[in-house]
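Colleague: In this text, residue positions in the sequence shown follow my numbering: the first is 2, and each later residue adds one. The C-beta atom is built at its ideal place from N, Cα and C for all residues, glycine as well.
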Amino acid sequence: MRYSKADAENLGADRCLLQNIVILTGAGISAESGLGTFRESDGLWEHHRVEDVATPEAFEADPDLVHRFYNVRRDQSAKARPNAAHIALARLEAGHPGRVRIITQNVDDLHERAGSRAVTHMHGALSGALCHGCGHRWPAPAVMSSTDTCPACGATQTRPDIVWFGEIPYGAEVIDPALAAADLFVAIGTSGQVYPAAAYAQHAARMGAHTIELNLATSANARDFAEIHIGPATELVPEWVEHVLTE
Ligand code: BV8
């Protein structure tokens, strides 16, 4: 089933036609840029499950193991290039008359490098560093280690500015109103296994949005989507954007 103007008009006369589009992206949108996803690779880092590395407990126990994990990903992210899917979303934001907001679970900066501006990194970003002592934030150096000192307070409590499992995601003050006002919610390249992001489609649908999943495989929350397209993001996303911009 393809999303059509008739479907949009069925959204109800009081809802502007596709005025507000909210897009949730996951690791799958960056897969074709060469950045590994969490659950397709063997999901291991130095023989540890990623879920066990991306935690405050792991950082407490072995900060340099966690820093190594992010140093490698920061290097990979810097060498990666935005792909056709990132570029298409930037084209959508520039060409769509209504609002387009990207909520990304990813910590790479490929959306920004493709030209998207309205991007919320709900799980933080590799480009950021945070002082656990004073809360100061600054641009992360390419390589971080447990001996780094905070430029503001001098403490050796610096960490990547990333939201780990068990920590509260960023951006709720932007995300919650965006979901409430969404006419269209599109999830791209996410397995729907991590909360609260995995609940966004259901929430948006309850608020009246039409929901679409673009994914290489159906996600754990496929039941929350009115429409599902299966395929690689670099094919599905440009096609979908072209459809929205020319409908
Ligand atoms: C929180 C940053 C409280 C780190 C990440 C039991 C039940 C329910 C929930 C919980 C539970 N126990 C604990 C929880 C909460 C927990 C959680 O959800 N755990 C899961 C594992 C059950 N969540 C948290 O702890 C969150 N915090 O809940 O706080 C709270 C909340 C709100 C308000 C107050 C209090 C914090 C979670 C954040 C963790 N940090 N990332 C880092 O990046 O290193 S999560 C990490 O995995 C990613 O950021 C991403 O978000 C997440 C999921 O990954 P995906 O992006 O979906 O990637 P994945 O590999 O899984 O899937 C790839 C997809 O791409 C697949 O579908 C594949 O088919 C597709 N694909 C592949 N190639 C392509 C493609 N698609 C298109 N084209 C392709 N070419």
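With 16 as the cutoff for other CB atoms within 10 Å, does MET208 come out buried or exposed?
Modeller: Within the sequence shown, the letter at position 207 stands for residue 208. When all chains shown are included, MET208 counts as exposed.
Colleague: Nearest-angstrom Cα distance between ASN107 and PRO152?
Modeller: In the sequence shown, the residue the question calls residue 107 occupies position 106. In the sequence shown, the residue the question calls residue 152 occupies position 151. Computed Cα separation, rounded: 26 Å.
Colleague: Indicate, with yes or no, if the ligand BV8 has a heavy atom lying under 7 Å from the CB of PHE226.
Modeller: Within the sequence shown, numbered from 1, the residue matching residue 226 stands at position 225. Checking the Cβ of PHE226 against the ligand BV8 gives no.
Colleague: Assuming ILE229 is part of the beta strand (DSSP E), what are its boundary residues?
Modeller: The residue you call residue 229 lines up with position 228 of the sequence shown. First-last of the beta strand (DSSP E) with ILE229: 228–231.
Colleague: Can you find a heavy atom of the ligand BV8 that lies under 7 Å from the Cβ of PHE166?
Modeller: Translated into positions along the sequence shown, residue 166 becomes position 165. Checking every heavy atom of the ligand BV8 against the Cβ of PHE166, one is found closer than 7 Å.
Colleague: Which first and last residues belong to the alpha helix (DSSP H) in which HIS68 is found?
Modeller: As a working note, residue 68 is residue 67 in the sequence shown. Where HIS68 is concerned, the enclosing alpha helix (DSSP H) stretches over 64–80.
Colleague: Whose CA, out of LEU25, ASP110 and GLU61, lies closest to the CA of TYR196?
Modeller: Locating residue 196 in the sequence shown gives position 195, counting from the first residue. Selected option, being the one with the closest Cα: LEU25.
Colleague: Rounded to whole angstroms, what is the Cα-Cα separation between PRO57 and ARG160?
Modeller: On the sequence shown, position 56 is the one that residue 57 refers to. On the sequence shown, position 159 is the one that residue 160 refers to. Spanning the two alpha carbons is a distance of roughly 10 Å.
Colleague: Three Cβ pairs or more, each shorter than 8 Å: is that satisfied between the segment 223–238 and the segment 49–65?
Modeller: Verdict: no, contact absent.
Colleague: With DSSP as the reference, label ARG118 as helix, strand or coil.
Modeller: For the purposes of this step, residue 118 is identified with residue 117 of the sequence shown, where counting begins at 1. Here ARG118 sits in coil by DSSP.
Colleague: Flag this pair as touching only if the segment 92–103 and the segment 240–248 have three or more C-beta atom pairs under 8 Å; answer yes or no.
Modeller: Yes: the two stretches touch, three or more of their Cβ pairs being nearer than 8 Å.
Colleague: I think THR212 touches ALA202, with their Cβ atoms under 8 Å apart; what is that distance to the nearest whole Å?
Modeller: Stepping through the sequence shown from its first residue, residue 212 is reached at position 211. Stepping through the sequence shown from its first residue, residue 202 is reached at position 201. Indeed, because the Cβ distance is near 5 Å, the residues count as touching under 8 Å.
Colleague: Please tell me whether, using a cut-off of 7 Å, the distance from the CB of THR191 to the nearest non-hydrogen atom of the ligand BV8 is below it.
Modeller: As a first step, residue 191 is located in the sequence shown; it is residue number 190 there, counting from the start. It does: the Cβ of THR191 is within 7 Å (strictly closer) of some heavy atom of the ligand BV8.
Colleague: VAL101 to ALA200, Cα distance in whole Å?
Modeller: What you label residue 101 is simply residue 100 of the sequence shown in a count that begins at 1. What you label residue 200 is simply residue 199 of the sequence shown in a count that begins at 1. Those two C-alpha atoms are separated by around 19 Å.
Colleague: If HIS87 sits next to ILE169, beta carbons under 8 Å apart, how far is it from one beta carbon to the other, in whole angstroms?
Modeller: For this step, residue 87 is matched to residue 86 along the sequence shown. For this step, residue 169 is matched to residue 168 along the sequence shown. Not a contact, Cβ separation roughly 27 Å.
Colleague: Is the beta carbon of ASP110 sitting closer than 8 Å to the one on ALA126?
Modeller: For the purposes of this step, residue 110 is taken as residue 109 along the sequence shown, with counting starting at 1. For the purposes of this step, residue 126 is taken as residue 125 along the sequence shown, with counting starting at 1. In this structure, ALA126 lies closer than 8 Å to ASP110 by Cβ.
Colleague: For ARG74, which option in ARG138, LEU217, LEU237 and GLY129 has the closest C-alpha, if you only look at C-alpha atoms?
Modeller: To locate residue 74, count along the sequence shown from 1; it is residue 73. Nearest C-alpha to ARG74: GLY129.
Colleague: Counting only the same chain and skipping the five closest in sequence on each side, list residues whose C-beta sits under 8 Å from that of ALA221.
Modeller: Here residue 221 is taken as the residue at index 220 of the sequence shown, counted from 1. So the qualifying residues of the chain are SER192, GLY193, GLN194 and ALA199.
Colleague: From the DSSP output, read off the bridge partner residues of ARG207.
Modeller: Within the sequence shown, the letter at position 206 stands for residue 207. DSSP output for ARG207 lists no bridge partner at all.
Colleague: Go through its chain and collect everything with a Cβ distance to ALA115's Cβ below 6 Å, but skip five positions before and after it.
Modeller: Here residue 115 refers to the residue found at position 114 of the sequence shown. Once the five neighbours on either side are set aside, the close Cβ partners of ALA115 are PRO83, HIS87, ILE88 and ALA91.
Colleague: Could you have a look at ILE169 and say whether DSSP puts it in helix, strand or coil?
Modeller: Position 168 of the sequence shown, counting from 1, holds the residue named residue 169. Of the three classes helix, strand and coil, the one that applies to ILE169 here is coil, per DSSP.
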